[in-house]
Amino acid sequence: MHHLLLMSHSVFPTLDMKRTAQFYEKKMGFRVVEYLEAAEPHICLYRDLTEIILTQSNGQKVIPNRELYGYGYDAYFITQNQEELQQELINADVKIVRALNHTDYNNKEFVIEDIDGRWIAFGIKQALR
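Its first residue numbered 140, the sequence shown is counted upward by one per residue in this note's numbering.
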């Protein structure tokens, strides 16, 4: 029997869940739902079909993948209408670290930096010619 993976949610540990949640709500258009009384307190951030789960980092500063390993994003969201989304985030004063372009691995993507220094890409695979 073939098992189908349906979707993926990013889990972002953070020093201050409420501060990070506020950034995603105010700047990135996510809806915030808090589960702070749970045995493992967390905040869920929802936008369209995606979800980000914020957890406490136990006092550990967020170290983005590019700092730990030399390169790499901290999350990658497949998206459409990238021009409009990039402009929406520019209008909200979100830091764009790589503007929309075609990569050497055949994706069209742009990358933002969040309030904790994570690099998050919004991209889509281009049709092979």
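C-beta: ideal position from N, C-alpha, C; glycine also.
Bear in mind the structure is a predicted one, so any value in this text is a computation, not a measurement.
Report the option in the options whose CA atom is closest to the CA atom of residue i.
| i | options | result |
| --- | --- | --- |
| glutamate 190 | Tyr212, Tyr210, Glu164, Pro203 | Glu164 |
| glutamine 195 | Pro203, Asn204, Ile182 | Ile182 |
Can you give the beta carbon distance from residue i to residue j, rounded, assuming they're within the 8 angstroms contact cut?
| i | j | result |
| --- | --- | --- |
| glutamine 265 | asparagine 240 | Contact flag wrong, Cβ pair sits at about 11 angstroms. |
| glycine 262 | isoleucine 217 | 7 angstroms |
Have a look at the DSSP bridge pairing and note the partners of residue i.
| i | result |
| --- | --- |
| arginine 237 | Val250 |
| alanine 260 | Tyr215, Val250 |
| serine 149 | Ile191 |
For residue i, is the classification buried or exposed, using 16 other Cβ atoms within 10 angstroms of its Cβ as the cut-off for buried?
| i | result |
| --- | --- |
| threonine 159 | buried |
| glutamine 156 | Note on identity: in this sequence residue 156 is methionine, with glutamine being the wrong assignment. Counting Cβ neighbours within 10 Å, methionine 156 comes out buried, since at least 16 surround it. |
| glutamine 226 | exposed |
| threonine 242 | exposed |
| isoleucine 251 | buried |
| tyrosine 210 | exposed |
**Prompt:** Can you list, in chain order, the stretches of the beta strand (DSSP E) that have 3 or more residues and sit fully within the region 151–226?
**Reply:** Under the rule that a run must span 3 or more residues, the beta strand (DSSP E) segments found entirely inside the region 151–226 read 170–174, 181–186, 189–195, 214–217.
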